[in-house]
Amino acid sequence: MNFIAQMEPWFGDEEKNAINEYMEAGGWITEFKKTAAFEKMIAEYTNAKECIVVNNGTISLTLAALAIGLQSGDEILVPNYTMIATANSAKMIGATPVFVDVERETLCMDIKKAEKAITSKTKALTLVTANGRYPKSGIESFIELANKYNLVLLEDSAQSLGSFYPNGKHQGTVGKIGSFSFSAPKVISTGQGGALVTNDEAMAFKIRKLKDFGRSGGGNDIHDSIGYNFKFTELQACIGIEQMKKLPWRVDRKKEIMRLYKELLKDVKQITFFEQDLERTSPWFVDVFADDRDDLMRFLKDSGVGTRVMYPPINHQLAYQVPGEHEVSNLVGKKGLWLPSSSQLSNEQIQFVCKKIKAFFK
Ligand SMILES: Cc1ncc(COP(=O)(O)O)c(C=O)c1O
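All residue numbers for the sequence shown refer to the working numbering, where the first residue is 1 and numbers rise by one.
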C-alpha cells in the first residue's frame, strides 16, 4: 500500500476545466462575478445573509476584529487550544488575546473559565468550533455570556464548513461575524482563502470596504475610510465553486470516516475520541487522544501512515510565553493526534491504519 498521508487536498477535472474555461473567456482574474457567485453559494449553504470572501482565514479574523472596532489595548478571549491564527489575528491589530482553556470532551472554549477571564478590557470573545464541534455547555450559553458582559461574539469556524449547532443554524452564523478558511487541508479548499459570514448588512458593508482600500464605491479612488487589500481572485473562485458542489458528499464522507475509525478502534483503550455529534457536525480531521503518542507516530510512519500532532497549548508557544497552566490544552499538547483524514481515503486504507494502531498497542 502507498504511503497514507494525514491529509491531502482533493481537486479534480471539474476545477481544472472551470479554470480553463475562465482563462479562455479572458477575464481580469481579480475578484468579480465568479467571486460573487462563490460568496452566494456560501451564504446560501450557511443560510447567512451576507458572505464576503478574502485572501485567507487569518485575515478574515483580523477583518472581523477591525469591523467590530477592536483596538490596541482591548482584550479578546480565545481558546488556548486552536490554530494559532485565532490569537495572531487579534495581535496583528494590537489587541491582546487572552487564553482560556477548553472543554475536555469537545476542545471548544470552557464557558466557566471564559467568564473568569473577563476583565474591564475584554471587548470580544472568539468561539472556535473545534473540528466542527460545538461546546458541550451549548452555543446559547455563549450568546448569554456575551450579552451579560456586553462582548461581541465572533466564531472562528475555519474547520466547520458543513457543521451545524443543535438549533439548526450553521456554525459561524450565530455570533456577530463567523469566519471560515479554505486553506489546503480544509473541508473545501481554494489553496488559500477565507470567508466571513454575517446577518448584519451594515457590518458586511463595512467589511467589504475594509477589504477594498476603503473605497467609497466599486473601482473608484475616493476613500472615506481606511481600508486595505484583502481581495480574492476569480481563479480561486472558479475552484471554490466546484469545491462547493462537492461539499455535501465530503460532509457525508467525513462522517463515515469518523464512524469507521470509532468502530475499528473501539476496543483500543489507549485511543480516546472526543464527543462529536455526527448527526449535525462533520469532523474536518479525525482527532484523538493517544497514549504513547510520539512512539505511536514513529511506528505508524515506519508502517507507511502519516499522522500529525495536534496544536500545542498556545500560551506555552515561544511566540507568546504567557504564564499559566491550562489542563486540557496541556493534555492535547501531550496526547493529541490527528489520524489520516482525507475525504478520498478508502475504507481499506482506514482499516490498514487501524490494524497498525492495534499492532502498536499489542
Ligand atoms: C481554527 C482556525 N482558525 C484560523 C485558521 C487560519 O486560516 P488560514 O490558514 O486560511 O489563514 C485555521 C487554519 O488552519 C484554523 O484551523
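Backbone N, C-alpha and C define an ideal beta-carbon position, used for all residues, glycine too.
Note that the structure is predicted; figures quoted are calculated from it, not measured.
The three-state secondary structure of leucine 278, taken from DSSP, is coil. Relative to ligand 1, the beta carbon of methionine 83 is positioned inside 7 Å of a heavy atom.
Just so you know, the alpha carbons of aspartate 156 and alanine 202 end up roughly 20 Å apart. Sorting Glu275, Val332 and Trp338 by C-alpha distance to the C-alpha of glycine 306 places Trp338 at the top. Less than 8 Å separates the beta-carbon of isoleucine 357 from that of isoleucine 271.
Per DSSP, the continuous beta strand (DSSP E) segment holding valine 286 begins and ends at 286 to 290. Residue ranges of uninterrupted beta strand (DSSP E) with 3 or more members, entirely inside the segment 58 to 118 and ordered along the chain, are 75 to 79 and 96 to 100. If you draw a 10 Å sphere on the C-beta of asparagine 47, you find fewer than 16 other C-beta atoms in it, and that means exposed. The beta carbon of serine 346 is closer than 7 Å to none in its chain, skipping five residues each way along the sequence. Short note on leucine 61: C-beta closer than 7 Å to some heavy atom of ligand 1. Rounded to whole angstroms, the separation of the alpha carbons of asparagine 20 and phenylalanine 182 is 21 Å.
For valine 251, the enclosing alpha helix (DSSP H) starts and ends at 234 to 264.
A distance criterion of 7 Å places the beta-carbon of asparagine 56 in contact range of ligand 1, judged by its closest non-hydrogen atom. Sixteen is the threshold: when 16 or more other Cβ atoms of the shown chains lie within 10 Å of the Cβ of methionine 310, as they do, the residue is buried. Here lysine 211 is near isoleucine 52, since their CB atoms are less than 8 Å apart.
For the pair phenylalanine 230 and isoleucine 59, the CB atoms are nearer than the 8 Å cut-off. The DSSP-derived three-state label of arginine 133 is coil. Selection Ala65, Lys262 and Asn80 evaluated against tyrosine 320 yields Asn80 as nearest (Cα-Cα). Placement of the Cβ of serine 342 at a distance of 7 Å or more from every heavy atom of ligand 1 is found. Each residue's CA atom was taken as its position, placing arginine 280 and tyrosine 165 some 7 Å apart. Residue range 122 to 128 is occupied by the beta strand (DSSP E) that includes leucine 125. Collapsing the DSSP output to three states places glycine 333 in a helix. Runs of the beta strand (DSSP E) lying entirely within the segment 136 to 216, each at least 3 residues long, are 152 to 156, 177 to 181 and 194 to 198 in chain order.
Counting C-beta pairs with one atom in each stretch, the segment 169 to 185 and the segment 290 to 297 have fewer than three that are closer than 8 Å, which means they do not touch. Within its own chain, the residues whose Cβ lies closer than 8 Å to the Cβ of glycine 324, once the five positions on either side in sequence are excluded, are Phe99 and Asn315, listed in chain order.
Under a 10 Å Cβ-count criterion, tryptophan 284 is classified as buried, with 16 or more other Cβ atoms of the shown protein chains found around its own Cβ. Cα atoms of aspartate 101 and lysine 301: separation of roughly 31 Å, rounded to the nearest angstrom.
If you draw a straight line from the Cα of aspartate 267 to the Cα of cysteine 354, it comes to about 11 Å. Taking the Cβ atoms as the reference, glycine 162 lies roughly 20 Å from valine 288, outside the contact range of under 8 Å. For phenylalanine 273, the enclosing beta strand (DSSP E) covers residues 271 to 273. For glutamine 71, the Cβ stays outside the 7 Å cut-off from all heavy atoms of ligand 1.
Contact between serine 342 and tryptophan 10 is confirmed by a C-beta separation of about 7 Å, below the 8 Å threshold. Residue pairing for glutamate 15: DSSP places it in no beta bridge. Residues Val78, Pro97 and Ile314 of the same chain have their beta carbon placed closer than 6 Å to that of alanine 87, with the five preceding and five following residues left out of the count.
Assignment of asparagine 47 by DSSP, reduced to helix, strand and coil, places it in the coil class.
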